[in-house]
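A.B. asks:
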Amino acid sequence: MQKTNKNRSGIQGILSRAKKYNSGIGTYKEHFFNDRFNYTIRLSNGRIEISMNVAQDQERMPASISEETVQDIANSFKEV
């Protein structure tokens, strides 16, 4: 995985929205491109994966991301 800062504001926006569905999601630490061309986000207490498209859309048009998508992201949280 390669560390990056690309789409950081989109990632943080999605994390903020996802915390409404899973309050156990920790704070953002850093994120990486992974081998599936998505972002793996390291959190204070685990990790979560967000697609590059969702992070970009959150930056450009947050309303275009359905609450169902945000809930799916929240449910994918892996605690360490």
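Sequence positions in the sequence shown follow this note's numbering and run -4 to 75.
Cβ coordinates follow ideal geometry from the N, Cα and C atoms, glycine included.
Owing to the predicted nature of the structure, the values given are computational and were not obtained by experimental measurement.
Along the alpha helix (DSSP H) that carries residue 48, what are the first and last residues, could you check?
C.D. replies: First-last of the alpha helix (DSSP H) with residue 48: 47 to 55.
A.B. asks: Taking buried to mean at least 16 other C-beta atoms within 10 Å of its own C-beta, is residue 72 buried or exposed?
C.D. replies: Looking at its Cβ environment, which holds 16 or more other Cβ atoms inside 10 Å, residue 72 is buried.
A.B. asks: DSSP three-state call for residue 31: helix, strand or coil?
C.D. replies: In this structure, residue 31 counts as coil in the three-state DSSP scheme.
A.B. asks: Which residues in the same chain as residue 50 place their Cβ atom closer than 7 Å to its Cβ, once the five residues preceding and following it in sequence are excluded?
C.D. replies: The residues are 2, 5, 6, 9, 34.
A.B. asks: Does the Cβ of residue 65 have 16 or more other Cβ atoms within 10 Å, making it buried, or fewer, making it exposed?
C.D. replies: Buried.
A.B. asks: Does DSSP put residue -1 in a helix, in a strand, or in coil?
C.D. replies: In this structure, residue -1 counts as strand in the three-state DSSP scheme.
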